[in-house]
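Start counting the sequence shown at 12; every next residue gets the next number (the working numbering). Every residue gets a Cβ at the ideal spot worked out from N, C-alpha and C, and that includes glycine. Fair warning: this is a prediction, and the values are worked out from it, not measured in the lab.
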Amino acid sequence: MPSQSAQTSDRLAARILWGMVAGLALGIILRMIVIRHPALDTAANWLAREAFDPLGQVFLGLLFFVVVPLVFASLTLGIIQLGRLSRLGPLAGRTFLLFVANMAVGIAIGLIIMNVVRPGDRLAPSTKTQLIENTRSEAEDVQTRAATQPRLGPAQLVETFMPRNLLKAIVEFQILPLILFALLTGAAGTQLPEAHRCRVQGGLEIVAALMTRLVDYAMRLAPYAVAALMASLVLRLGLELLRPLLIFVLCVVGGIALHLFGTMSLLLKIFTRRSPIEFFAAIRTILVTAFSTSSSNATLPTSIKVARERLGVSASTAGFVLPLGATLNMSGTALYEGCVVLFIAQVYDVPLTLSGQIMLLILAVLSAVAVAGIPGASLPLIIALLANFQIPPEGIGLILGIDRLLDMARTVLNVAADVVTACIVDQQVRPAIERPGSA
Ligand code: ASP
Numbered sequence: 012m013p014s015q016s017a018q019t020s021d022r023l024a025a026r027i028l029w030g031m032v033a034g035l036a037l038g039i040i041l042r043m044i045v046i047r048h049p050a051l052d053t054a055a056n057w058l059a060r061e062a063f064d065p066l067g068q069v070f071l072g073l074l075f076f077v078v079v080p081l082v083f084a085s086l087t088l089g090i091i092q093l094g095r096l097s098r099l100g101p102l103a104g105r106t107f108l109l110f111v112a113n114m115a116v117g118i119a120i121g122l123i124i125m126n127v128v129r130p131g132d133r134l135a136p137s138t139k140t141q142l143i144e145n146t147r148s149e150a151e152d153v154q155t156r157a158a159t160q161p162r163l164g165p166a167q168l169v170e171t172f173m174p175r176n177l178l179k180a181i182v183e184f185q186i187l188p189l190i191l192f193a194l195l196t197g198a199a200g201t202q203l204p205e206a207h208r209c210r211v212q213g214g215l216e217i218v219a220a221l222m223t224r225l226v227d228y229a230m231r232l233a234p235y236a237v238a239a240l241m242a243s244l245v246l247r248l249g250l251e252l253l254r255p256l257l258i259f260v261l262c263v264v265g266g267i268a269l270h271l272f273g274t275m276s277l278l279l280k281i282f283t284r285r286s287p288i289e290f291f292a293a294i295r296t297i298l299v300t301a302f303s304t305s306s307s308n309a310t311l312p313t314s315i316k317v318a319r320e321r322l323g324v325s326a327s328t329a330g331f332v333l334p335l336g337a338t339l340n341m342s343g344t345a346l347y348e349g350c351v352v353l354f355i356a357q358v359y360d361v362p363l364t365l366s367g368q369i370m371l372l373i374l375a376v377l378s379a380v381a382v383a384g385i386p387g388a389s390l391p392l393i394i395a396l397l398a399n400f401q402i403p404p405e406g407i408g409l410i411l412g413i414d415r416l417l418d419m420a421r422t423v424l425n426v427a428a429d430v431v432t433a434c435i436v437d438q439q440v441r442p443a444i445e446r447p448g449s450a
């Protein structure tokens with residue numbers, strides 16, 4: 012039977028979808044009125060700017076609130092937990108390597124698809140101009156910051172990662188120094204005496220839990236915010252943007268399917284000699300649970316049970332790799348983050364060069380590690396990524412209505428990649444563990 016929180020989350024997902032439909036309908040009706048009565052154009056623009064947009068801004072503002080503490084607490088926590096890993100030797104090394112490789116390949120697939128299809132470019136130039144016009148002040152703000160952004164060279168690279176004033180960098184939403192600071196603090200945390208480490212870990216867990224609550228508040232507002240943002244966009248731009256949005260959804264789902272059935276099957280075949288078809292048949296309960304809950308954490312009990320009972324993964328590997336994976340290994344989320352950033356960059360005509368995209372790949376891996384295994388957890392991190400690449404974060408309004416649907420899909424990949432990792436690691440470390448005399 013689904014848990015109460017799963018039911019609440021399902022209800023919320025349905026309401027967000029209804030919010031999107033209602034916003035679309037309202038936007039279309041108002042737009043048709045404006046087409047018939049062009050004199051009302053100014054009033055319609057006022058309505059979009061002064062009524063619909065502020066509601067959307069409250070939602071975005073709540074997410075902005077949590078970005079810095081959430082990134083810091085979750086990344087530092089992740090590293091402190093990884094510190095434990097280093098003591099676990101080969102099991103830990105392989106697990107971590109596979110996690111990073113899975114996420115990096117996921118993002119690379121997403122970025123390649125987005126570069127080839129370029130759904131964000133499919134907006135008519137006039138619609139694009141209007142969209143850019145609507146967010147001109149934010150865009151100007153990020154452009155000013157982009158202009159003062161140092162170009163890449165060794166000295167500038169150090170300055171980018173380690174500015175004199177960390178707080179100033181954070182205020183300007185540069186997440187690189189924040190990420191580095193969190194990684195270093197986490198590394199230092201692993202060297203604290205046990206009692207202190209536990210206290211730091213406990214404190215960070217509380218901060219992460221508090222921030223997650225704030226994300227919950229934002230999500231409760233989401234149905235209304237999505238309705239308002241959709242209505243505002245359609246009222247100003249017409250239905251023009253639905254086509255690129257649909258193509259974007261297809262790109263993301265295609266990327267997820269490719270990574271899930273392509274890369275994962277390949278890894279299974281090469282490292283475990285398991286048949287991918289049998290593997291996917293065995294884990295279908297996991298996939299369905301991940302899809303319906305949109306939460307790696309909520310799927311964890313099912314993953315452990317199925318991995319042990321149907322895939323024969325040892326208790327120690329399953330108990331080690333799967334909980335860690337539900338927290339750190341987010342291949343689907345990483346892929347999605349890369350796609351969203353590129354899509355919104357394309358819509359807003361913000362060029363992302365090859366080196367920019369490589370940086371995006373690295374940052375998306377790191378920020379995916381910081382994403383909690385709960386529904387919608389990647390939204391604040393995506394906002395931080397957008398701000399980091401000088402892309403108007405308001406652009407996230409474009410994908411909010413379809414986020415939940417894609418959340419279901421990306422969670423499936425997140426969890427499947429954990430189980431594949433568990434199978435590979437188990438296959439490799441088991442002979443060592445089972446060798447007579449070994450622990
Ligand atoms: N819902 C995802 C998970 O639990 C996280 C996210 O991408 O929002 O794995």
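Residue interval of the alpha helix (DSSP H) (run including residue i)
i: proline 234; result: 205 to 248
i: glycine 349; result: 342 to 358
i: leucine 314; result: Position check: residue 314 holds serine in this sequence, whereas leucine was assumed. Where serine 314 is concerned, the enclosing alpha helix (DSSP H) stretches over 307 to 320.
i: arginine 325; result: Looking at the sequence shown, residue 325 is not arginine but serine. Run containing serine 325: none; DSSP gives neither H nor E here.
i: arginine 295; result: 295 to 304
i: methionine 173; result: Neither: methionine 173 is in no alpha helix (DSSP H) and is coded neither H nor E.
i: valine 376; result: 365 to 380
i: threonine 274; result: No alpha helix (DSSP H) contains threonine 274, which DSSP labels as neither H nor E.
i: phenylalanine 63; result: No alpha helix (DSSP H) holds phenylalanine 63; DSSP gives it neither H nor E.
i: phenylalanine 192; result: 186 to 201
6 Å CB neighbourhood of residue i in its chain, flanking five on each side removed
i: leucine 256; result: none
i: methionine 12; result: With a pLDDT of 44 at methionine 12, under the threshold of 50, the modelled position of that residue is not reliable, and no figure is offered here.
i: arginine 26; result: Pro234
i: isoleucine 186; result: Ala395 and Asn399
i: valine 211; result: Gly200
i: methionine 419; result: Phe302 and Ser305
i: threonine 91; result: According to the sequence provided, residue 91 is isoleucine. The question's threonine does not apply to it. Excluding sequence neighbours, isoleucine 91 sits near Gly197, Gly200, Thr201 and Gln212.
i: glutamine 154; result: No answer about glutamine 154 holds up, because its pLDDT of 44 lies below 50 and its placement is not dependable.
8 Å Cβ cutoff met for residue i and residue j
i: glycine 406; j: leucine 397; result: yes
i: glycine 34; j: alanine 242; result: yes
i: leucine 244; j: leucine 252; result: yes
i: alanine 193; j: phenylalanine 83; result: yes
i: isoleucine 118; j: glycine 349; result: yes
i: threonine 140; j: leucine 248; result: no
i: valine 426; j: threonine 338; result: no
i: phenylalanine 63; j: alanine 239; result: yes
i: arginine 215; j: threonine 300; result: What sits at residue 215 in the sequence shown is leucine, not arginine. Against a cut-off of 8 Å, the Cβ pair of threonine 300 and leucine 215 comes out as no contact.
i: methionine 114; j: asparagine 340; result: yes
i: isoleucine 267; j: leucine 424; result: yes
i: threonine 283; j: glutamine 401; result: no
i: leucine 322; j: cysteine 209; result: no
Own chain residues within Cβ distance below 8 Å of residue i, not counting five before or after
i: valine 317; result: Ala293, Ile294, Thr296, Ile297 and Val430
i: alanine 112; result: none
i: alanine 166; result: none
Contacts around residue i, its chain only, beta-carbon distance under 7 Å, and the 5 residues preceding and following it disregarded
i: proline 391; result: Leu74, Val77, Val78, Leu81 and Val226
i: leucine 189; result: Val79, Val82, Phe83 and Ile181
i: isoleucine 124; result: Cys262, Gly265 and Gly266
i: arginine 319; result: Ala326 and Ala329
Residue i CB to nearest heavy atom of the ligand ASP below 7 Å
i: threonine 338; result: no
i: valine 382; result: yes
i: arginine 4; result: This structure gives no information on residue 4, because the portion of the chain shown stretches from 12 to 450.
i: alanine 2; result: Since the first and last residues shown for the chain are 12 and 450, residue 2 lies out of range.
i: arginine 47; result: no
i: isoleucine 364; result: A small correction: the amino acid at residue 364 is threonine; isoleucine does not occupy that position in the sequence shown. Not under cutoff, so the answer is no.
i: isoleucine 267; result: no
i: arginine 421; result: yes
i: aspartate 429; result: no
i: serine 303; result: no
i: serine 307; result: yes
i: aspartate 418; result: yes
i: asparagine 399; result: no
i: isoleucine 385; result: yes
i: methionine 275; result: no
i: threonine 344; result: yes
Beta carbon proximity, residue i to chain D, threshold 8 Å
i: leucine 122; result: No chain D is part of this structure, which consists of one protein chain only.
Residue i beta carbon near the ligand FAD (any heavy atom closer than 7 Å)
i: threonine 53; result: For the structure depicted, the ligand FAD is absent and the ligand set comprises only the ligand ASP.
Checklist entry - Is the segment 297 to 314 touching the segment 410 to 430 in the sense that three or more CB pairs, one from each, lie closer than 8 Å? => result yes
Checklist entry - Quick one: any contact between the segment 321 to 337 and the segment 345 to 355, if contact means 3 or more CB pairs under 8 Å? => result The segment 321 to 337 is not in contact with the segment 345 to 355.
Checklist entry - Looking at C-beta atoms only, is the number of pairs between the segment 126 to 136 and the segment 257 to 271 that lie closer than 8 Å three or more? => result Verdict: yes, contact present.
Next on the checklist: For the pair the segment 130 to 139 and the segment 354 to 371, tell me if three or more CB-CB distances fall below 8 Å.
Outcome noted: yes
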